[in-house]
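Taking it in order: structure first as structure tokens, then the write-up.
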Amino acid sequence: KQEVTQIPAALSVPEGENLVLNCSFTDSAIYNLQWFRQDPGKGLTSLLLIQSSQREQTSGRLNASLDKSSGRSTLYIAASQPGDSATYLCAVKGGSEKLVFGKGTKLTVNP
Amino acid sequence: DGGITQSPKYLFRKEGQNVTLSCEQNLNHDAMYWYRQDPGQGLRLIYYSQIVNDFQKGDIAEGYSVSREKKESFPLTVTSAQKNPTAFYLCASESGRRSNQPQHFGDGTRLSIL
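Top line first, the protein sequences correspond to chains A and B.
Note that our numbering numbers the first sequence so that position 104 is 104, with each residue one more than the last.
Note that our numbering numbers the second sequence so that position 24 is 135, with each residue one more than the last.
Spelled out as structure tokens, the structure:
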């Protein structure tokens with residue numbers, strides 16, 4: 001059974017810092033990996049999707065990497081801003097074709 | 112604007128009562144999903160549907176029911192058999208389960224017990 005772990009559970013950084021969020025998964029036979037952002041009381045917003053054949057994806061200040069063999073992904077946020085404060089969720093789609101989610105990392109960027 | 116609309120935003124259930132959460136999408140997506148989110152937990156899959164008039168149980172289907180009579184709509188009923196219904200419910204859709212497109216989410220319904 002696929003399990004997805006996100007470390008740390010919470011992170012607080014000063015504005016302007018570059019930061020990395022981590023995601024690990026137990027079954028490397030994945031179809032894709034997705035990173036989402038969730039603001040308090042809201043639904044999820046898709047940030048990046050990495051297909052199993054890809055190593056990374058970039059969107060603006062965000063860069064996500066995927067290492068299938070080691071079961072790891074990282075989300076890199078450059079020059080963090082207070083507006084980046086949110087919970088970031090990682091999810092993998094495997095052979096069952098259903099998304100399995102981690103519990104998220106709550107990010108606070110302090111002005 | 113294309114998207115997913117969930118209603119109501121807040122819902123209160125009395126003991127022994129069934130309640131229905133609405134989910135409508137205008138993205139022309141085939142697949143739709145219902146998730147439950149509890150504090151400090153990841154999203155857990157309740158039910159999903161790949162096509163009209165077909166749906167499958169997810170990991171925590173007990174006490175819930177769904178229908179998929181139209182492509183655009185996937186309502187979730189929380190029955191009185193669900194003894195711990197207080198949670199945040201999220202509806203999602205994607206173009207197809209085997210697609211490499213991201214899932215799109217609604218803004219959720221928060222259900223509480225009166």
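A virtual CB, placed ideally from N, CA and C, is assigned to each residue, including glycine.
Starting from the C-beta of residue i, find all residues in its chain whose C-beta is less than 7 Å away, skip the five residues before and the five after it, and write them out in chain order.
| i | result |
| --- | --- |
| A/Thr45 | Phe36, Arg37 |
| A/Asp84 | Ile77, Leu107, Val109 |
| A/Arg55 | Ser65, Leu66 |
| A/Ala86 | Arg37, Gln38, Asp39, Leu107 |
Mind checking residue i: buried by the 16 CB within 10 Å criterion, or exposed?
| i | result |
| --- | --- |
| B/Gln117 | buried |
| B/Ile224 | exposed |
| B/Phe123 | exposed |
| A/Asn32 | buried |
| B/Lys158 | In the sequence as presented, Lys is not what sits at residue 158 of chain B; that position holds Tyr. B/Tyr158 comes out buried. |
| B/Tyr121 | exposed |
| B/Ile162 | exposed |
| B/Pro213 | buried |
| A/Arg61 | exposed |
| B/Ser160 | buried |
| A/Gly102 | buried |
| A/Ala91 | buried |
| B/Gly127 | exposed |
| A/Gly41 | exposed |
Skipping 5 residues on each side, what residues in its chain have a beta carbon closer than 6 Å to that of residue i?
| i | result |
| --- | --- |
| A/Val20 | Thr74, Tyr76 |
| A/Ala10 | Lys106 |
| A/Ser12 | Thr108 |
Flag this pair as yes or no: are the beta carbons of residue i and residue j separated by less than 8 Å?
| i | j | result |
| --- | --- | --- |
| A/Glu15 | A/Ser80 | yes |
| A/Ile30 | A/Gly104 | no |
| B/Leu201 | A/Gly71 | no |
| B/Ser204 | B/His140 | yes |
| B/Leu156 | B/Pro196 | no |
| A/Leu47 | A/Ser59 | yes |
| B/Asn91 | A/Gln51 | Beyond the ends of chain B as shown, which are 112 and 225, falls residue 91 of chain B; an answer cannot be given. |
| B/Pro119 | B/Thr220 | yes |
| A/Gln57 | A/Leu99 | no |
Near residue i, which residues of its chain fall below 8 Å by C-beta distance, leaving aside the five closest residues on each side in sequence?
| i | result |
| --- | --- |
| B/Ala192 | Glu173, Gly174 |
| B/His215 | Gly114, Ile115, Gln136, Leu138, His140, Ala203, Ser204, Glu205 |
| B/Thr131 | Pro186, Leu187, Thr188, Val189 |
Kindly indicate which residue of the options has the alpha-carbon position closest to the one of residue i.
| i | options | result |
| --- | --- | --- |
| B/Leu187 | B/Arg147, B/Ile162, B/Ser206 | B/Arg147 |
| B/Gln136 | B/Val130, B/Gly113, B/Gln212, B/Gln128 | B/Gly113 |
| B/Arg179 | B/Gly151, B/Phe199, B/Trp145 | B/Trp145 |
| A/Ile7 | A/Ser65, A/Pro111, A/Tyr88, A/Gln54 | A/Tyr88 |
| B/Gly207 | B/Lys182, B/Ile171, B/Gly219 | B/Lys182 |
| B/Asn164 | B/Gly153, B/Ala198, B/Ile171, B/Ala142 | B/Ala142 |
| A/Glu97 | B/Gln167, B/Ala198, B/Ser176, B/Gly153 | B/Gln167 |
The beta strand (DSSP E) with residue i in it runs from where to where?
| i | result |
| --- | --- |
| A/Val109 | 105 to 110 |
| B/Pro192 | Position check: residue 192 of chain B holds Ala in this sequence, whereas Pro was assumed. No beta strand (DSSP E) holds B/Ala192; DSSP gives it neither H nor E. |
| A/Thr58 | 56 to 59 |
| B/Arg124 | 121 to 124 |
| B/Ile157 | 155 to 162 |
| A/Asn63 | 62 to 67 |
| B/Glu205 | 198 to 205 |
| A/Asn18 | Counting along the chain, A/Asn18 falls outside any beta strand (DSSP E), and DSSP gives it neither H nor E. |
| B/Asn139 | Taken as a continuous stretch (DSSP letters only), B/Asn139 belongs to no beta strand (DSSP E), as it is neither H nor E. |
| A/Lys93 | 86 to 94 |
| B/Asp165 | 165 to 168 |
| A/Ser46 | 44 to 51 |
| B/Leu222 | 220 to 224 |
| A/Phe101 | 99 to 101 |
| B/Ser176 | 175 to 177 |
| A/Arg72 | 72 to 77 |
| B/Ile171 | Per DSSP, B/Ile171 belongs to no beta strand (DSSP E) and is neither H nor E. |
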